[in-house]
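As they're listed, the protein sequences go chains A, B, C and D. Start counting the first sequence at 1; every next residue gets the next number (our numbering). Start counting the second sequence at 103; every next residue gets the next number (our numbering). Start counting the third sequence at 594; every next residue gets the next number (our numbering). Start counting the fourth sequence at 1239; every next residue gets the next number (our numbering). Here is the structure we will look at.
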Amino acid sequence: MNSLSTYLILAAMLFCLGLLGVLQRRNLIGMLIAIELMLGGASINFMAFNRFLAPEPAVGQIITLFVMGIAAAEAAIGLSIILALFRQMRSINVERAQRLSG
Amino acid sequence: MASMELASFPILSTILLSTIVALLVIMLIPEDRPKLVKQVSLGFAALGVVLSLLVYVSYDVDKGGLQFVERFLWVQSIGIYWFTAVDGINAPMLILTAVVLFTGVLTMWELETRVKEFFALMYLLVAGVYGVFMSMDLFWIFVWYDVSLFPMYPLIAIWGGTRKEYGAMKLTLYLLAGSALILPGILYVWAVGGGHTFDLFELQRMGLPAHVQRIAFIMLYLGFGILAGVWPFHTWSPVGHVAAPTAVSMIHAGVLMKLGAYGILRVGMTLCPEGLGYWADLMALLATIGIVYGAFVGLAQTDLKYVIGYSSVSHMGIVGLGLATMTVDGINGAVFQMFSHGVMTALFFSAVGYIYDRTHTKMIPELGGLSNTMPVASAFFIIAAFCGVGVPCMSSFWAELLVFISAVKTYPVRGVLAVISLVVSALFMLRVVQKTFYGPRNERWEHIPDVPLALATPRIILVGILVFFGLFPRLILDVIQSAVVPFVSSL
Amino acid sequence: MMWLFKDPVLAAACTGTWLPFLAMLVILIFTRRNQRLSAGISIASIVTSLICAIYLFTKLFHAGVPVQYEVAWAMTPDLYVPFGYLLDPHSLLMLLIVATIACLVQIYSVGYMAGDPGFSRYYAFQSLFAWAMLTMVIAPGMLQLYIFWELVGLASYLLIGYYYEKYSASQAGKKAFVVTRLGDIGFFLGLIFLMLGYGDLGILNINQAAAGHQIPGPLVTISALLIFCGVIGKSAQFPLLTWLPDAMEGPTPVSALLHSATMVAAGVYMMSRIFPFFAASPDAMAVALAIGTVTMLLASTMAMATYDLKQVWAYSTVSQLGFMVMGLGAGGYFAGVFHLTTHAGFKALLFLCSGMFIHEFHTNDMRVIGQSGGRNLKVPMISMTIGALALSGLFPFSGFFSKEAIMGVLAQHTNKVWLFAGLLGALMTAYYSFRLIFFVALPRKLATVPAEDHGHGHGADHGDEHHGNAYWAMAWPVMFLASVTCVLGFFQAPLEQFLTGGHAAAAAHGAGQEGAGHGMGHYVLLAGAIGCALAGLAWAWVEFGRKRAPQEGFLKKFPLAEILFARRWYLDDFYRKALDTLVYGGLTSLFTRNDRRVIDGAIDGICKLTVGTGRMTSFMQSGMLQYNLLVMVAGIGLVLLFFFI
Amino acid sequence: MMKWVLFSPELYYVVMAAVFFFMSLERQAEPRKLYKWAVILSGVGVLATVLGARLQGTLFFDAYRIDLFSQVFKILIAIGTFWVMLVCSELKGVDERRHAEFYFLMTICTLAMMMLVSAVELLTIYITLELSSYSLFLLVPMRKHDGEYAETGIKYFMIGATASAMMLFGLSYLYGVTHTTYVAEVVKALPRVFNQPAAVLGLVLALAGFLFKQALFPFHIWAPDVYQGSTNQVAAYIATGSKMAAAAMVIRFIGFGNADSGYFVQLLMVLSVLSMTFGNLVAIIQKDIKRLLAYSSIAHAGYMLIGILTMTEQGYASAIYYALAYLIMNFACFMVIIKVADDGHNLQIKELAGLHKRSPLLAMTLMLGLFGLAGIPPTVGFTGKFLVFAAALKKGYLILVIIGMVNATLSLYYYLIVIKAAYLLKPVREYLPVRVDGVTRSLSIALVVLMICVGIFPDRFMQLTEAAAAALLM
């Protein structure tokens, strides 16, 4: 069996799990983690494509490095915002935050 | 000779600019000088009258065609031109606008609240009207058309009367919905025409394919028709007129509704003769329904302004019928009717306006016997009513004569129906006159003074115009023909 | 302006017609405040017109050919409306009549209307009327005729509704205008058809063309019938005759003006104007004849049932008009016109006389007038008797000759029914007119007089203070007219020569009739007619005149008939009902409801719908973060579907 | 070396960011001083971008392209930033100690968006996009004692992060099927591989990221909450500056694919129609002006897309012109809002009551701005719509244009409601008077003049936009 597809399936599963988590976890931290999963899936894709059928070798890895950095920054920002929110509402449950609507 | 010198001088742009200058000047006048505001706007209105009369008089009928042409490139990449000109069709319209504005300003002489804004907005409105009448470039026609529409909202909503906010919103949205059909129509024609000119006559010369004309014409017809009060799309007119303050009703019913008919004639019929031929039957049908319908519904109204609103529906139907005949006489009559109906309705509304200002009611049952206390004021309304009935030697008679003759010729059944409806219109006009002005002295209005001369002047002017062109129709008919005859031959 | 003086005839025509118009403008704009001045201006203008008319009449009396002037009033490639003057014998005669009557009425009004608040307005309207009527009379083209015909209608609307405070008056004015308008629609359509079919509306042209059969027959018939609708409306023929009796609400001089020579006569005049055209279509003529007959009989019956002085004359006017139409319809051009002429004289006379009574006694009820000593007013009493004699067609008064002429024409007609109808009409005419005369002249002291007081509101405020000059201002015109009535008949021959000389075609037609009319049959007819008239007179004498006469008509014995006549054969009720059910109850309310509910409702509905949709859609934006995310993901999913399917 | 000149505007903003960074390190805060600095620096920034308008060339191994198109948008972004800085005089919405950071993040965001405009390579696009998003993520929750608006920040962050993750996933597929990260080549390669599901998936997901920035239906969900929940100034910035960047990005991305594939165009049509209709419908029932403007911005994204999806030079030019128009009109409205609610609270429509008395100038600016958004001549908004629709009809999309016009009429309804409030309603209670300082007066007069003149004399600007579009397609 072609091993590219395994990676792709793996990545897709990661991404879908992440998406599912984002949609279904009511815990903000959980959602953040789920987003990280989605990013991970994307990174795996880049790596795999680069490994199997890229003309010049480096690009995929470089992108992945960048993504990791960015993911870190994202996590930092996210956590800080969640923290601020926690100070306000004494909770990190999304359902507490639905006043703006319509 | 005069016209030679004038031809070089950009008089049309001057007329247009004068209104915009008036707008700016009025906005610069401090809030606490309402008198000055009125004087200034009256002055500019008078200037407009003088200039447009100058244009009208020095228009060379024998030469015909477009005169006082100003044309230069405005936006190069999509071919927008600044193209203003006068021919027999819009020359009378310019006078109409100027006169109605002038009389309108005089009519509002007693305005107290937010004077400055009122006159500023009115000048914005009139700038739009002038612009539409004198522009020969689709882009500008549309721009000015909308400019003339949207000031209606504040004008009605702020200074209006019965159900003003509802009326204002309804009218504005309805009319701009109409322009939502016009813009695609214009752009469609432009795009099919190659997309490098908005010049009306260049596009006409190109001669668009038939199917394009059909689509474009119906869009333009409906779009402009809404403003012209074409039958199923007329309900804004009574509501809006009832809500609007006097001068606004004058300008709106007197001039603005003509923009619609003028647009159908100038844009729709010029660009899409074949489309016209395809849809003319529908036009005639709707127009006839409008004529009959307006008269009948007018019978049932108890509010003076509603009555006038529906009479306008009926009279604008006559215009539509005339246009639909596609004959010289029909279109002559239609244009003539635009003019005389404009003057007539202005007279109507200014008369009602005076009565309303004094009695604070325009409900017919409450009024009655007004002729005893204010004979002159009532006389104005009664004269307008006669004009509406189509009494000869009033300008609207000639228009109706021409339209009906050609209508009977082209669409016998519909024409005869329209003619028969004259009885109904007579019935409802006279009914209103009787219920409002005749009858025993009404002590409720005893204290009310008759019109002072200052306020009578605008009405007298309007009456004078009606009778004058009724006695000497050729003075206007010849001018109109000079444009209509070649136009029809080009159809 | 020089051209005016180059041609005195034209100058006279212009002055004669336009002066009253100027007078109206001057009065309305400047001299409303000053009553005497207004009256002066108006009368001066009408007198001038009269002088011009006389001048034209004398000058062109022997000019065989009609004189015509035209300028283009409105001109388009397909339509040419000339404005001008056509001076042929017929128009000259009519011009003279109209000017005379108008002039007399205006002079008379000085007395009658004295002290009325709206004096100036009254004279302004009078001038307007005079202008319209005079210009209509000498119009060269049918369109101009139509235009001024409409203006006559307008002026009469204003004059009839002169006492606008009175509901009945304004109502009557409205009715007159609308009903005549109804007829005019037909007239207008007829003109349009004729113009589209033939292309020219010059009176002389269409007459010649029709006589020369250059116009296709059906077109002639249709347009003639339609144009005849105009006659029906204006001349109050059946079925549109009901407006005329109501029109008595106007001041009496107005009635005299409108219903003697001018407005209502306009219809007959128009018909006779294009007589050859009508004559070219036998069907149209037959219809005219029938309608004229019906009208005459109906009106006479109505006249028998009323006690209102003016009403009687009103009905008699209607019936006489019917009589004229009969004459014309039977082909008697001259007969019709001649009766029009004489009728103008004696009917104006009758109205003015009754006006004097009304002005004196402030009531229209003949019985009341009689008991309060109506006969003491010598001048009106005598003149009214003369008028009545003329009306019933007794020798030697003018009515006699003209009626004879018409009878002669009817006698020529193959179908004798018309003749008998005419004779019956003569009988009834004599009956009701003398019924009135006897009521006024030989009153009985009846125990119970239903004192129905039609007294005009204006009457009270000016009584006898200026009785003297007012009385004489009214008396002079009356006497003049009376004398005219006595002598006019003897001018039949020259008039006939004058008129038919003008109309070649009509001459052949009419002269043939008349010529045949003389001889044995003619005298029988003569006897018959006079017999009928006398019989009617005698009948009236038996019932009202002689001593111990019951003074209640035979109608009292037939209450049903009386009610029927009094209610004008329920014509009014019929119209009322039709109007209420058909127009107000039917179409109007239907359309109005449709306008409110359907059309406007649809518009508002669309707006409400939009806002509602907005409210619904806004639920998509819930506050819950993850639902929103779900929406987004779902959106992406849909987009993917869009691509994959 | 010479190449760095091309980068000068961005460099300037780096320096500016540094300045604010150091200011943020100071102990005591001086809002007035910061405000002055911000105004001056951003003003100079506008100058810098204008000076760099004619630059051309590529940087960083062709990952970074500088042409008239990018420079025009940089100017727009710079102007937007400058205007927003101008109205920061009463920055009540943000805690005084944080002002320096506020300006710092603002500058960073501007910088990121400028780079985004020039980025033509997937990674660069991704990074710049994230940079701008993150600074916004931080700007939005910066609001002082934000009781009910606290959740805004987290919502924005979560949605943004998810969208960017999706985009990254999509980009990965694009990279996979086209073997390259240069947008130009990617788009060139796409038609060939369009039959593969992976390509479609990648394209759609990537588009999701882009359109998310432009708040196009169905990626609009963040907009209303963020507009409503963030400080007025930040909302203004998002509505003007970042809109420009998003528009530029979308135009750039689609602009490469001048081979018009039917499906793609159809998709965009559907999206634009949906977004116009949805935005206008929901805006009708709004009470909070900023939220209303958020929905109207969704609708306007739809109008702009009409111009873009024609995929003709004229279409892009019209879209650029529309962006310019939108910047002016929208900022005019926001300026009025900020000034009327200068204590930083959220403005309800009814609070505008009697504005024509409290400040006629602002009332007029608001009216013109709203009429402009509704597309009424002679404002610039009308000309923008006119050009967009003209471009669409050149391609024969008649129905699309009619729908667009109907929507314009629809939108007029709620704009009129606001105008009615400003001109017609009597104030229910006494509102504190509106303070209009010299800056605001001159700014609003300038805006009015711009709205009219750019609308009536479009020739110049159209030449510019056409040149930009030409540069884009080069």
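Heads up, the beta-carbon is just placed ideally off N, CA and C, and yes, glycines get one too. Remember, it's a predicted structure, so these values are computed and weren't measured experimentally.
- request: Excluding the 5 residues preceding and the 5 following GLY1398(D) in the sequence, name in chain order all residues of the same chain whose CB lies nearer than 6 Å to its CB.
  value: If we look at GLY1398(D) and ignore the five residues flanking it on each side, its Cβ neighbours are SER1371.
task: Within its chain, find whatever has a CB closer than 8 Å to the CB of PHE954(C); leave out the 5 residues flanking it on each side and keep chain order.
output: VAL961, ILE962, SER965 and GLY967
Start and end residues, alpha helix (DSSP H) containing PHE1237(C): Counting along the chain, PHE1237(C) sits inside the alpha helix (DSSP H) bounded by residues 1218-1237.
- request: Output the distance between the C-alpha atoms of GLU1107(C) and GLY708(C), rounded to the nearest integer angstrom.
  value: Low confidence applies to GLU1107(C): its pLDDT is 46, below 50, so where it sits in the model is not reliable, and the reading given next is rough at best. Rounded to whole angstroms, GLU1107(C) to GLY708(C) spans 50 Å at the Cα level.
query: If you check the beta carbons only, do LEU1074(C) and LEU697(C) fall under 8 Å apart?
result: yes
field: Within 8 Å, strictly: CB atoms of PRO1671(D) and ILE81(A)
entry: no
message: Measuring only the C-alpha atoms, how far is PHE712(C) from SER720(C)?
response: 13 Å
- prompt: Can you find at least 3 beta carbon pairs, one from the region 845-858 of chain C and one from the region 814-826 of chain C, that sit closer than 8 Å?
  reply: Using a C-beta cut-off of 8 Å, the region 845-858 of chain C makes no contact with the region 814-826 of chain C, since fewer than three inter-stretch Cβ pairs fall below that distance.
- prompt: With a CB to CB cut of under 8 Å and the five nearest residues on each side skipped, what residues in its chain are close to THR404(B)?
  reply: Residues MET465, ILE466 and PRO467 of the same chain have their beta carbon placed closer than 8 Å to that of THR404(B), with the five preceding and five following residues left out of the count.
query: Cβ atoms of GLY342(B) and LEU283(B): under 8 Å apart, would you say?
result: no
message: For MET418(B), report the span of its alpha helix (DSSP H) as first-last.
response: For MET418(B), the uninterrupted alpha helix (DSSP H) segment begins and ends at 406-427.
According to DSSP, residues forming a beta bridge with SER237(B): THR186(B)
message: For a cutoff of 8 Å on Cβ pairs, would you count ARG99(A) as touching chain D?
response: yes
For PHE585(C), three-class secondary structure by DSSP: With chain C covering only 594 through 1238, there is no way to say anything about residue 585(C).
- prompt: Going by alpha carbons, who is nearest to TYR739(C) out of LEU223(B), ALA279(B) and CYS495(B)?
  reply: CYS495(B)
field: Selection of the region 1193-1221 of chain C by Cβ proximity to chain A, strictly under 7 Å
entry: Flagged, chain order: SER1211, GLN1214, SER1215, GLY1216, MET1217, LEU1218 and GLN1219.
query: With a CB to CB cut of under 6 Å and the five nearest residues on each side skipped, what residues in its chain are close to LEU144(B)?
result: VAL207
- request: Determine the chain C residues that contact GLN583(B) at a beta-carbon separation under 9 Å, and present them in chain order.
  value: MET668, THR669 and PRO670
query: I think ILE131(B) touches LEU138(B), with their Cβ atoms under 8 Å apart; what is that distance to the nearest whole Å?
result: 6 Å
task: Report whether the distance from the Cβ of SER1480(D) to the nearest heavy atom of the ligand MG is below 7 Å.
output: By its list of ligands, the structure shown contains no ligand whatsoever, and the ligand MG lies outside what it can speak to.
field: Cβ-based neighbour list, GLY1408(D), same chain, cut-off 8 Å, excluding 5 preceding and 5 following
entry: For GLY1408(D), same chain residues with a beta-carbon under 8 Å away, outside a window of 5 residues either side, are LEU1439, GLY1440, LEU1441, VAL1442, LEU1443, ALA1444, LEU1445, ALA1446 and GLY1447 in chain order.
query: How would you write the range of the beta strand (DSSP E) that LEU175(B) sits in, first residue to last?
result: Its beta strand (DSSP E) spans residues 169-177.
- prompt: Taking SER414(B) as the reference, which of ASN434(B), ASP383(B), PHE450(B) and ASP431(B) has the closest Cα?
  reply: Nearest of ASN434(B), ASP383(B), PHE450(B) and ASP431(B) to SER414(B), Cα basis: PHE450(B).
query: Are the C-beta atoms of LEU1223(C) and some chain A residue less than 8 Å apart?
result: With 8 Å as the cut-off, LEU1223(C) counts as an interface residue toward chain A.
message: Do ALA769(C) and ALA817(C) count as a contact pair if the criterion is CB distance below 8 Å?
response: No. Outside cutoff.
field: PHE1235(C) versus GLY362(B): straight-line alpha-carbon distance, rounded
entry: 43 Å
- prompt: Mind checking whether ASP1188(C) and VAL399(B) have CB atoms under 8 Å apart?
  reply: yes
- prompt: From the beta carbon of MET735(C), is the nearest beta carbon of chain B less than 8 Å away?
  reply: no
message: Within the continuous beta strand (DSSP E) that includes TRP500(B), where are the two ends?
response: Element bounds for TRP500(B): not the beta strand (DSSP E) but the alpha helix (DSSP H), 497-512.
task: Look at the alpha carbon of VAL979(C) and the alpha carbon of VAL202(B), and state the distance between them as a whole number of angstroms.
output: What sits at residue 979(C) in the sequence shown is Ile, not Val. Whole-angstrom Cα-Cα distance: 59 Å.
query: Is the distance from the Cβ of ILE1346(D) to the Cβ of ALA1255(D) below 8 Å?
result: yes
- prompt: Looking only at C-alpha atoms, which of PRO1036(C), MET949(C) and PRO682(C) sits nearest to THR575(C)?
  reply: Since the first and last residues shown for chain C are 594 and 1238, residue 575(C) lies out of range.
query: Should TRP176(B) be flagged as near chain D, meaning a C-beta pair shorter than 8 Å?
result: yes
query: Hey, VAL493(B) and LEU747(C): beta-carbon distance below 8 Å or not?
result: yes
message: Check this for me: beta carbons of SER359(B) and ALA448(B), under 8 Å apart or not?
response: Sequence check: residue 359(B) is Met here, not Ser. Not in contact: MET359(B) and ALA448(B) (Cβ atoms no closer than 8 Å).
query: Residues of chain C with CB under 7 Å from ILE1459(D), in chain order?
result: GLN1214, ASN1221, VAL1224 and MET1225
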